[in-house]
Ligand SMILES: Cc1cc2nc3c(=O)[nH]c(=O)nc-3n(C[C@H](O)[C@H](O)[C@H](O)COP(=O)(O)OP(=O)(O)OC[C@H]3O[C@@H](n4cnc5c(N)ncnc54)[C@H](O)[C@@H]3O)c2cc1C
Ligand code: SF4
Ligand code: SF4
Ligand code: FES
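Protein chains in written order, with this note's numbering: chain B, 1 to 135; chain A, 1 to 644.
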């Protein structure tokens, strides 16, 4: 049986979550491996959540926020960007491939982009294999 | 122990056609704290809503998860339908349609639906019962800027019965509209339609007019702003001054008049324009010889009303207001920056606003269209549209009104100079307002104005003439016009001090310096910072009808706010504990300036300002900040169940 990765997606309420909804409204299929958790803003995402996900068996973590300049809370996504970069470094130190963490800007009109990047991400993680095996 | 009910919607076949909804309910009932789970064809229908209500009562539920369509569809519907039985914040939606049944197939979809629904059960378990935050409202408004937009907003708010403080930095209200000659598309005289409004504003019992004044400080938040205003010394007692003008005659200092762009003289003691409101003189302290040390005193010696006071000092006023309307208007882009046309300061190349003054009967030429370099009538004029607009090297945006006023200029010129010739260089014509296209058509056809499609390539002086060279891109022919006068429809830009005002008010500006609205389509007159509204050209270039409409819109927002004794606001706001180490991380990153430091340097937030983004929560190094219903523990639990 092929490896089916488990992926957690933190989506900001105003853009990425709405973009994911639009993918649905447009009936754009993508792999079901990704399970969404809605947060108000990508700036709410504590690196600890990401580590927690990896500790609990996630093979990948996806973060979706508004495009730069579009954050509903003005600049939450800039903070997110900075934190994700730091978290990537941390992952590297922990021996986790930083590609397992992905940040994407998805607007409420980008249903197609959401479906595409999520599909790509799932494929990429599938290639990387389960996280457990690397430990 | 919580008592949670789970309601799985079929949405006809939209969900049930893909997801095994029964299985979802069966799995969920096994979850801790879930005491009831069921499915129904259409949860959002009346019977569906009733089912939820009945089960809440029957099972004494204190938490509800509805697995259905996106929360953006029906979260409010379900919360409202059950509000009398259960706190709305204990009702959550698991999105198994848009983010599941519509995008996945078969077993995968069912499994994912179970996980998503479980994660919302976790969320509900940790959700607090919340009540909207109530904020006191000071039912008085501050309006900054006394152009047509500020005047209109003030009048509307004042007419609704609320007090308004209208702050204008110049000695008179009126703004740019006071400088215009006649207005498109109906050609009413600008001053004639504006003056009555200026007078109304000044006389309105609910409007406190502070001219020659500036806002120097703003503290507080929506409903509770504290504003500091500096009244600059005018050296004239406005109440005593009768505007007789004796002082002006006596004054020996002559300087150029700003109102006419220096094309007319004024004295050091002056009234900006005849219809100024308040109708009172002002002393320009830069050029007056009498202020300090007192060397002159000519004007005071002739003032019978005894209105002149050389010892007047700046006055500082503090006002409490609940809402602020920002209507600071616009300037024109500096024409000297258009160097690629190859001219600098040439007397016969003027801006559109200078041309307005020239056309005005009360202007420096009493309405005669002249060549400023020699005072002779201008027979041939070239108008250049988009001068600095729609140009990446200058301002990339469209200034939106220049097509219209240039057509007006050409038409008025032909009315003033019957045998005159007018040429208009344009990129294309944008005339989208009511009756605007008709106006342009009339100008083009009836007035025989020569519209040349293209941008001038070169403008230079040749003896007595200004030569404009360009290519008519429609005819593919080069043109060369020897004009008496060139009028540049300069780009509209925000006021110079817009950054300072934005900083005082803690509002954002866009990349061009115009005030940034909270949402370009759905909240076009509101700032992101609650309680602050925009009107007029400070937000974006626009014409008078649009400025007035926006002003009334901003006023109606203010009035709606004042119609409540208390404001209600979303209660999901950060909560600060007492473990703060005073590192200030949160203080610097809060996008809404909601965080303050107490006398011990410990952080706390103002719930009325907090939007609940959670940026500070994630940033606090000691975990001192919590966001109810999106708390760390909740989110971690959600992560755990989706990975099971
Ligand atoms: C050449 C030309 C011709 C035009 N012709 C027409 C026309 O025919 N028809 C038409 O509909 N529109 C016309 N317009 C557009 C019209 O001028 C504007 O739509 C209108 O004036 C906008 O009003 P406003 O109140 O937003 O700004 P303004 O008129 O600029 O008023 C802003 C006011 O705020 C004050 N202010 C600024 N900063 C501060 C501060 N920090 N504190 C206190 N006060 C402050 C200013 O002193 C000013 O009084 C023309 C524009 C131009 C350039
Ligand atoms: S980030 Fe935390 S510790 Fe630092 S000032 Fe804010 S509340 Fe205090
Ligand atoms: S949650 Fe957001 S708005 Fe509220 S205090 Fe924290 S950073 Fe500021
Ligand atoms: S609201 Fe989408 S990133 Fe902040």
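Idealized CB from N, CA, C, for every residue including glycine.
Inset, instruction - Give the DSSP-derived three-state secondary structure of residue 543(A) in the structure shown. - result: Walking along the second chain from the start, residue 543(A) turns up at place 543. Coil.
Inset, instruction - Put residue 265(A) into one of helix, strand or coil per three-state DSSP. - result: The sequence position of residue 265(A) within the second chain is 265, counting from 1. Residue 265(A) falls in the strand class under three-state DSSP.
Inset, instruction - With 8 Å as the threshold, decide whether the Cβ of residue 638(A) is near any Cβ in chain B. - result: Taking the first residue of the second chain as 1, we reach residue 638(A) at position 638. Cβ-Cβ to chain B under 8 Å: yes for residue 638(A).
Legend entry - ligand 2 heavy atom lying under 7 Å from the CB of residue 580(A): Walking along the second chain from the start, residue 580(A) turns up at place 580. Result yes, Cβ under 7 Å from ligand 2.
Legend entry - Rounded C-alpha distance that separates residue 80(B) from residue 73(B): For the purposes of this step, residue 80(B) is taken as residue 80 along the first chain, with counting starting at 1. For the purposes of this step, residue 73(B) is taken as residue 73 along the first chain, with counting starting at 1. Roughly 12 Å between the two C-alpha positions.
Inset, instruction - Report yes or no: is there a C-beta of chain A within less than 8 Å of the C-beta of residue 21(B)? - result: Locating residue 21(B) in the first chain gives position 21, where the first residue counts as 1. Chain A, which has a Cβ nearer than 8 Å to the Cβ of residue 21(B), makes this yes.
Inset, instruction - Answer yes or no: the CB of residue 72(B) versus the heavy atoms of ligand 4, is any distance below 7 Å? - result: Working through the first chain from its first residue, we reach residue 72(B) at position 72. Yes.
Inset, instruction - Measure from the C-beta of residue 134(B) to each C-beta in chain A and report whether the shortest distance is under 8 Å. - result: Within the first chain, numbered from 1, the residue matching residue 134(B) stands at position 134. The pLDDT assigned to residue 134(B) is 44, lower than 50, so where the model puts this residue is not dependable, and the model offers no usable value.
Inset, instruction - Can you pull the chain B residues whose beta carbon is under 8 Å from the beta carbon of residue 630(A), in chain order? - result: For the purposes of this step, residue 630(A) is identified with residue 630 of the second chain, where counting begins at 1. Simply 39, 40, 44.
Legend entry - Residues of its chain near residue 513(A), where Cβ-Cβ distance is below 8 Å and the 5 sequence neighbours each way are ignored: Indexing the second chain from 1 puts residue 513(A) at position 513. Cβ within range, chain order: 493, 494, 498, 499.
Inset, instruction - May I ask you to list the residues that DSSP assigns as paired with residue 596(A)? - result: Along the second chain, read from residue 1 onward, the residue named residue 596(A) stands at position 596. Looking at the DSSP assignment, residue 596(A) forms a beta bridge with 604(A).
Legend entry - Rounded distance between the beta-carbons of residue 133(A) and residue 571(A), thought under 8 Å: Here the question's residue 571(A) lines up with position 571 in the second chain. Here the question's residue 133(A) lines up with position 133 in the second chain. The pair is a contact, with the Cβ atoms about 5 Å apart (cut-off 8 Å).
Legend entry - residue 102(A) CB to nearest heavy atom of ligand 4 below 7 Å: In the second chain, the residue the question calls residue 102(A) occupies position 102. Every heavy atom of ligand 4 is 7 Å or more from the Cβ of residue 102(A), so no.
Legend entry - Neighbour-count burial assignment, residue 134(B), 16 or more Cβ in a 10 Å radius: Translated into positions along the first chain, residue 134(B) becomes position 134. Low confidence applies here, because residue 134(B) scores a pLDDT of 44, under 50, leaving its location unreliable; read the following figure in that light. Burial call: exposed.
Inset, instruction - In the DSSP assignment, find the beta strand (DSSP E) that holds residue 108(A) and state where it starts and stops. - result: Here residue 108(A) corresponds to residue number 108 of the second chain, with the count starting at 1. First-last for residue 108(A): 106 to 126, but that is the alpha helix (DSSP H), not the beta strand (DSSP E).
Inset, instruction - Could you give the DSSP three-state label for residue 336(A): helix, strand or coil? - result: The residue given as residue 336(A) occupies position 336 in the second chain. Residue 336(A) falls in the helix class under three-state DSSP.
Inset, instruction - Compute the minimum distance between the beta carbon of residue 65(A) and the heavy atoms of ligand 1, and state whether it is under 7 Å. - result: Here residue 65(A) corresponds to residue number 65 of the second chain, with the count starting at 1. Residue 65(A): no, Cβ never under 7 Å from ligand 1.
Legend entry - Three-state secondary structure assigned by DSSP to residue 12(B): Within the first chain, residue 12(B) is the residue found at index 12, counting from 1. If DSSP states are grouped into helix, strand and coil, residue 12(B) belongs with the strands.
Legend entry - Partners in chain E for residue 36(B), counting only beta-carbon separations shorter than 8 Å: Of the protein chains in the structure, B and A, none is chain E.
Inset, instruction - With a cut-off of 8 Å on the beta carbons, I'd call residue 75(A) and residue 123(A) a contact; round off their distance for me. - result: As a working note, residue 75(A) is residue 75 in the second chain. As a working note, residue 123(A) is residue 123 in the second chain. So it is not a contact: roughly 13 Å between Cβ atoms.
Inset, instruction - Determine the contact status of residue 140(A) and residue 322(A), defining contact as a CB-CB distance below 8 Å. - result: Along the second chain, read from residue 1 onward, the residue named residue 140(A) stands at position 140. Along the second chain, read from residue 1 onward, the residue named residue 322(A) stands at position 322. Against a cut-off of 8 Å, the Cβ pair of residue 322(A) and residue 140(A) comes out as a contact.
Inset, instruction - Determine the DSSP secondary structure at residue 79(B), reduced to helix, strand or coil. - result: Locating residue 79(B) in the first chain gives position 79, where the first residue counts as 1. Here residue 79(B) sits in helix by DSSP.
Legend entry - Minimum Cβ-Cβ distance from residue 49(B) to chain A less than 8 Å: The count along the first chain starts at 1 and reaches residue 49(B) at position 49. Taking Cβ atoms only, chain A reaches closer than 8 Å to residue 49(B), which makes this a yes.
Legend entry - Per DSSP, cross-strand counterpart(s) of residue 224(A): Taking the first residue of the second chain as position 1, residue 224(A) is located at position 224. In DSSP, residue 224(A) forms a bridge with 221(A).
Inset, instruction - For residue 287(A), collect the residues of the same chain with a Cβ closer than 8 Å to its Cβ; drop the 5 residues on either side in sequence, then sort them by chain order. - result: On the second chain, residue 287(A) is found 287 positions in, with the first residue counted as 1. Hits under 8 Å: 253, 255, 268.
Legend entry - First through last residue of the alpha helix (DSSP H) which encompasses residue 150(A): Here residue 150(A) is taken as the residue at index 150 of the second chain, counted from 1. From DSSP, the alpha helix (DSSP H) with residue 150(A) extends over 148 to 159.
Legend entry - Status (buried if at least 16 other CB within 10 Å, exposed otherwise) for residue 537(A): In the second chain, residue 537(A) corresponds to position 537, counting from 1. Classification for residue 537(A): buried.
Inset, instruction - Answer yes or no: do residue 19(B) and residue 43(B) have a C-beta to C-beta separation smaller than 8 Å? - result: By one-based count along the first chain, residue 19(B) stands at place 19. By one-based count along the first chain, residue 43(B) stands at place 43. The answer is no: Cβ separation not under 8 Å.
Inset, instruction - Rank 620(A), 599(A), 627(A) by C-alpha distance to the C-alpha of residue 611(A) and give the top, closest one. - result: Here residue 611(A) corresponds to residue number 611 of the second chain, with the count starting at 1. Taking only the C-alpha atoms, the option nearest residue 611(A) is 627(A).
Inset, instruction - Please list the segments of the beta strand (DSSP E) lying wholly inside the segment 349 to 400 of chain A, counting only runs of 3 or more residues, in order along the chain. - result: 349 to 351, 380 to 387
Legend entry - Heavy atom of ligand 2 within 7 Å of residue 584(A) beta-carbon: Locating residue 584(A) in the second chain gives position 584, counting from the first residue. Yes, Cβ of residue 584(A) sits closer than 7 Å to a heavy atom of ligand 2.
Inset, instruction - Would you check if the distance between the CB atom of residue 7(B) and the CB atom of residue 49(B) is smaller than 8 Å? - result: Your numbering for residue 7(B) matches position 7 in the first chain. Your numbering for residue 49(B) matches position 49 in the first chain. No. Outside cutoff.
Inset, instruction - Tell whether a beta-carbon distance below 8 Å holds between residue 11(B) and residue 64(B). - result: Translated into positions along the first chain, residue 11(B) becomes position 11. Translated into positions along the first chain, residue 64(B) becomes position 64. Closer than 8 Å, so yes.
Inset, instruction - Name the two residues that bound the continuous beta strand (DSSP E) containing residue 450(A). - result: Residue 450(A) sits at position 450 when you count from the first residue of the second chain. Here the beta strand (DSSP E) through residue 450(A) covers 450 to 453.
Legend entry - Residue closest to residue 482(A), alpha-carbon to alpha-carbon, out of 349(A), 233(A), 444(A), 543(A): Here the question's residue 482(A) lines up with position 482 in the second chain. For the residues 349(A), 233(A), 444(A), 543(A), the minimum Cα distance to residue 482(A) belongs to 349(A).
Inset, instruction - Report the neighbours of residue 645(A) on chain B: residues whose CB is nearer than 7 Å to its CB, in chain order. - result: Any question about residue 645(A) goes unanswered here, given that chain A covers just 1 to 644.
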